[in-house]
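Protein chains: 2
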Amino acid sequence: MERVEQHMCFGGRQEVWKHASRSTGTEMRFGVYLPPAALRGEKRPVLYWLSGLTCTEQNFITKAGAQQFAAVHELIVVAPDTSPRGAGVANDEAYDLGQGAGFYVNATESPWAPHYRMQDYVAVELPALVEQHFPASAVRGISGHSMGGHGALVTALRNPGRYRSVSAFSPIVAPSQVPWGRKALGAYLGADSSRWAEWDAVQLIANASERLTILVDQGESDEFLQEQLRPELLRQACNAAGHPLELRMQRGYDHSYYFIASFIGEHIAHHARELAR
Amino acid sequence: MERVEQHMCFGGRQEVWKHASRSTGTEMRFGVYLPPAALRGEKRPVLYWLSGLTCTEQNFITKAGAQQFAAVHELIVVAPDTSPRGAGVANDEAYDLGQGAGFYVNATESPWAPHYRMQDYVAVELPALVEQHFPASAVRGISGHSMGGHGALVTALRNPGRYRSVSAFSPIVAPSQVPWGRKALGAYLGADSSRWAEWDAVQLIANASERLTILVDQGESDEFLQEQLRPELLRQACNAAGHPLELRMQRGYDHSYYFIASFIGEHIAHHARELAR
């Protein structure tokens, strides 16, 4: 592990680290915000943030304004890159496949399978690394935006007991049913769509063995709302399964980080409450 | 004027506009945050923000997290680009001269004089435009970072009566005495350093005809502190002139937007107090 950035921020410290990942077989980078208590060595809970298409570890840490709320609630916030990267890693010219578009799955198909193991990375390797190197407890929450909202929901649902809180902004809730998801899951997992179900929040909800309340904010003026995001499918699935969901449609807001910044304080407060139980 | 971006943010709206500037003879862009009251048509005071070397109008609006505080205090916040730009505009390979490095002066020397008239732009043309097109009162504050901190101090000091509040982050307080300033003022204004005095905050303080309290935050771990910024020169000049200064040295903070984000709320509260008088 090598620290590549550090900046004092709201009395804590925003850092960026790089390390060789066993999961992806590449160098991976992540941002970590250490709140004031963590700088004093106190073990604190960790909120994991998964970013959307095209993002690196930088987008959330520079644009979301999360640090001030993480400082107030004394939460560590970890934001990894969205895919493996590098000259030896399979890629595609499109923005929604390949590098920057890992979809937080473990790929089974060529040419993606060797490096695109983002689920192993975010759910297993990264938490172990964070809990070893920082004053981080094993009390975890997870959130994300768009593709990363999908990643947060799926990662929490696939791993009962591993997270105590989950939320999402503008998530892709049913990748099996929308163009972004069908393209990515088809490439990474193959054309047999029955194999996509374990990576689809709407399908996972039906058999969820724990009942974490899902907090979702969705802008009503989001340019991807109707075709790619479809939060009504999550509402239907949660209603059918009796799964607790707080879905908030936010009038006038779009898909940008201006939307995330406007509500990240409420999400962090939600995670802080759940993580303190 | 043409709007090129708009995003709901903290109940207000972050917009970006472009227009043909008489001052620079180029197209100029600026960000404007309209707080909730302005969206309802109420005239509100305006805080002008001048950014630092290499920045466009984007840096402050995406990274500073100012909108939440502007919303609370119902201030309009306007953030222009830092220089004229375009194929027909003089430039330099260095990051600290030419496009992205206008230093908020009116250039007199070739090849800069035709377009590098950023002082006219930020002090005259832009406020007139803002007060014509938005629900903006003629009650103005000004702030900025680094080169833009220099710009904020100099613009307020050169134009008594035009601003009711002034602050800066990590400002270049004495451009005549530091490498960044000597290079830029030498190029834009000529080698005769006596002509630089009217663009140098430390020199302008001695003859300031109004006594706006200057709020300055400066990180103690700022990599440019000793060579380029030298806040002690501002303190000496203010002490000598009896000019009110609140200079706050902030332990551990660097020159980045993580520093600005950490204290922008206090700066906006300072401006809101002064602008409400």
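Just so you know, the protein sequences line up as chains A and B, in that order.
Under the working numbering, the first sequence has 7 at position 7, and the numbering climbs by one with no breaks.
Under the working numbering, the second sequence has 1089 at position 89, and the numbering climbs by one with no breaks.
Just so it is clear, CB atoms sit at the ideal spot from N, CA and C, and this is done for glycine as well.
Item to check | First through last residue of the alpha helix (DSSP H) which encompasses residue 1186 of chain B | outcome: Stepping through the second sequence from its first residue, residue 1186 of chain B is reached at position 186. Note, residue 1186 of chain B: alpha helix (DSSP H), 1179 to 1189.
Checklist entry - Going by beta carbon distance, what residues of the same chain come within less than 8 Å of residue 42 of chain A, once the five residues before and after it are set aside? => result In the first sequence, the residue the question calls residue 42 of chain A occupies position 42. So the list reads 74, 135, once near-sequence residues are dropped.
Next on the checklist: As an exercise, report each continuous alpha helix (DSSP H) stretch of at least 4 residues that is fully enclosed by the stretch 134 to 175 of chain A, in chain order.
Outcome noted: 147 to 158
Next on the checklist: Taking the straight line between their C-alpha atoms, what separation do you get for residue 1045 of chain B and residue 1261 of chain B?
Outcome noted: For the purposes of this step, residue 1045 of chain B is taken as residue 45 along the second sequence, with counting starting at 1. For the purposes of this step, residue 1261 of chain B is taken as residue 261 along the second sequence, with counting starting at 1. Approximately 21 Å between the Cα atoms of the pair.
Item to check | the stretch 1008 to 1024 of chain B: positions lying closer than 7 Å to chain A by Cβ | outcome: 1008, 1009, 1010, 1014
Checklist entry - Exposed or buried, residue 1059 of chain B, counting other C-beta atoms within 10 Å across all chains shown (16 or more means buried)? => result By 1-based counting over the second sequence, the position of residue 1059 of chain B is 59. Buried, by the Cβ-count rule.
Checklist entry - So what does residue 98 of chain A bridge to, in DSSP terms? => result In the first sequence, residue 98 of chain A corresponds to position 98, counting from 1. Bridge partners of residue 98 of chain A: A:101.
Checklist entry - If you draw a straight line from the C-alpha of residue 9 of chain A to the C-alpha of residue 1133 of chain B, how long is it? => result The residue you call residue 9 of chain A lines up with position 9 of the first sequence. The residue you call residue 1133 of chain B lines up with position 133 of the second sequence. So the alpha carbons of these two residues sit roughly 36 Å apart.
Next on the checklist: Please confirm whether residue 65 of chain A has its beta-carbon closer than 9 Å to some beta-carbon of chain B.
Outcome noted: For the purposes of this step, residue 65 of chain A is taken as residue 65 along the first sequence, with counting starting at 1. It does; some Cβ of chain B falls within 9 Å.
Next on the checklist: Please list the terminal residues of the continuous alpha helix (DSSP H) segment that includes residue 1257 of chain B.
Outcome noted: Against the second sequence, residue 1257 of chain B aligns to sequence position 257. Counting along the chain, the alpha helix (DSSP H) containing residue 1257 of chain B begins and ends at 1257 to 1275.
Next on the checklist: One question on the structure: do residue 170 of chain A and residue 47 of chain A come within less than 9 Å of each other, judged by their Cβ atoms?
Outcome noted: As a position in the first sequence, residue 170 of chain A is number 170, starting the count at 1. As a position in the first sequence, residue 47 of chain A is number 47, starting the count at 1. No, the pair does not count as a contact, with Cβ atoms beyond the cut-off.
Checklist entry - What does residue 1217 of chain B reach in chain A if we use C-beta pairs closer than 7 Å? => result Taking the second sequence and counting its residues from 1, one reaches residue 1217 of chain B at position 217. Correct list: empty, because the minimum Cβ distance to chain A is about 12 Å.
Checklist entry - Where does the unbroken beta strand (DSSP E) through residue 13 of chain A begin, and where does it stop? => result In the first sequence, counting from the first residue as 1, residue 13 of chain A sits at position 13. Element bounds for residue 13 of chain A: 12 to 20.
Checklist entry - In chain order, what residues of the same chain lie with their CB nearer than 6 Å to the CB of residue 107 of chain A, ignoring the 5 residues before and after it? => result In the first sequence, the residue the question calls residue 107 of chain A occupies position 107. 113, 116, 188.
Checklist entry - If you draw a straight line from the alpha carbon of residue 152 of chain A to that of residue 1081 of chain B, how long is it in whole angstroms? => result The sequence position of residue 152 of chain A within the first sequence is 152, counting from 1. The sequence position of residue 1081 of chain B within the second sequence is 81, counting from 1. Approximately 37 Å between the Cα atoms of the pair.
Item to check | residue 1117 of chain B: first and last residue of the uninterrupted beta strand (DSSP E) it sits in | outcome: For the purposes of this step, residue 1117 of chain B is identified with residue 117 of the second sequence, where counting begins at 1. Neither: residue 1117 of chain B is in no beta strand (DSSP E) and is coded neither H nor E.
Checklist entry - Should residue 1174 of chain B and residue 1216 of chain B be called a contact, given that it needs their Cβ atoms to be closer than 9 Å? => result Taking the first residue of the second sequence as position 1, residue 1174 of chain B is located at position 174. Taking the first residue of the second sequence as position 1, residue 1216 of chain B is located at position 216. Not closer than 9 Å, so no.
Next on the checklist: Classify residue 1206 of chain B: buried if its beta carbon has 16 or more other beta carbons within 10 angstroms, exposed otherwise.
Outcome noted: The residue you call residue 1206 of chain B lines up with position 206 of the second sequence. Exposed: under 16 other Cβ atoms inside 10 Å.
Next on the checklist: Just to confirm my understanding: we take residue 1100 of chain B, look at its own chain, exclude 5 residues before and 5 after, and list those with CB closer than 6 Å. What are they?
Outcome noted: The sequence position of residue 1100 of chain B within the second sequence is 100, counting from 1. Cβ within range, chain order: 1054, 1082, 1083.
Checklist entry - What first and last residue would you give for the beta strand (DSSP E) that runs through residue 57 of chain A? => result Residue 57 of chain A sits at position 57 when you count from the first residue of the first sequence. Looking at the DSSP string, residue 57 of chain A is not in any beta strand (DSSP E), and its letter there is neither H nor E.
Checklist entry - How is residue 1046 of chain B classed by DSSP in three states: helix, strand or coil? => result As a position in the second sequence, residue 1046 of chain B is number 46, starting the count at 1. Here residue 1046 of chain B sits in strand by DSSP.
Next on the checklist: Taking its Cβ as the centre, do 16 or more other Cβ atoms sit within 10 Å of residue 230 of chain A, making it buried, or is it exposed?
Outcome noted: Position 230 of the first sequence, counting from 1, holds the residue named residue 230 of chain A. Burial call: buried.
Checklist entry - With DSSP run on the structure shown, which of helix, strand or coil describes residue 1235 of chain B? => result One-based indexing of the second sequence puts residue 1235 of chain B at position 235. It is helical.
Item to check | Whole-number beta carbon distance between residue 155 of chain A and residue 123 of chain A, since they are thought to touch under 8 Å | outcome: Here residue 123 of chain A refers to the residue found at position 123 of the first sequence. Here residue 155 of chain A refers to the residue found at position 155 of the first sequence. Residue 123 of chain A to residue 155 of chain A, Cβ: 5 Å. Contact.
Checklist entry - Taking any Cβ of chain B, which residues in the stretch 227 to 252 of chain A have a Cβ under 9 Å from it, in chain order? => result 250, 251, 252
Next on the checklist: Looking only at its chain, what residues have a beta carbon closer than 6 Å to the beta carbon of residue 1204 of chain B, apart from the 5 residues adjacent to it on each side?
Outcome noted: Counting from one through the second sequence, the residue named residue 1204 of chain B turns up at place 204. Correct list, in chain order: 1157.
Checklist entry - On the three-state DSSP scale, how would you describe residue 1073 of chain B? => result In the second sequence, the residue the question calls residue 1073 of chain B occupies position 73. Helix, per DSSP.
Next on the checklist: For a test of the three-state rule: what should DSSP assign to residue 90 of chain A, helix, strand or coil?
Outcome noted: By one-based count along the first sequence, residue 90 of chain A stands at place 90. In this structure, residue 90 of chain A counts as coil in the three-state DSSP scheme.
Next on the checklist: Here's the rule: buried if 16 or more other CB atoms are within 10 angstroms of the residue's CB, otherwise exposed. What is residue 274 of chain A?
Outcome noted: Taking the first sequence and counting its residues from 1, the one referred to as residue 274 of chain A is at position 274. By the 10 Å Cβ count, residue 274 of chain A comes out buried.
Item to check | Residues from the stretch 1053 to 1079 of chain B in contact with chain A, defined by Cβ distance under 8 Å | outcome: 1062, 1063, 1065, 1067, 1068
Checklist entry - Counting only beta-carbon atoms, is residue 261 of chain A nearer than 9 Å to chain B? => result Translated into positions along the first sequence, residue 261 of chain A becomes position 261. Output row for residue 261 of chain A: interface = yes.
Next on the checklist: List, in chain order, every chain B residue whose beta-carbon is nearer than 7 Å to that of residue 222 of chain A.
Outcome noted: Translated into the one-based positions of the first sequence, residue 222 of chain A becomes position 222. Those do not exist, as residue 222 of chain A stays about 11 Å from chain B at its closest Cβ, beyond 7 Å.
Checklist entry - Using a beta-carbon distance below 9 Å, is residue 1256 of chain B in contact with chain A? => result Working through the second sequence from its first residue, we reach residue 1256 of chain B at position 256. So yes, residue 1256 of chain B belongs to the interface.
Item to check | Residue span of the beta strand (DSSP E) that contains residue 39 of chain A, given as start and end | outcome: Here residue 39 of chain A corresponds to residue number 39 of the first sequence, with the count starting at 1. Premise fails: residue 39 of chain A lies in the alpha helix (DSSP H), 36 to 39, not in any beta strand (DSSP E).
Item to check | Neighbourhood of residue 1001 of chain B by C-beta, 8 Å cutoff - its chain only, sequence neighbours within 5 removed | outcome: Position 1 of the second sequence, counting from 1, holds the residue named residue 1001 of chain B. Within the same chain, residue 1001 of chain B has close Cβ partners 1017, 1018, 1019, 1129, 1133.
Item to check | For residue 2 of chain A, three-class secondary structure by DSSP | outcome: Numbered from 1 along the first sequence, position 2 holds the residue referred to as residue 2 of chain A. DSSP places residue 2 of chain A in strand when its eight states are reduced to three.
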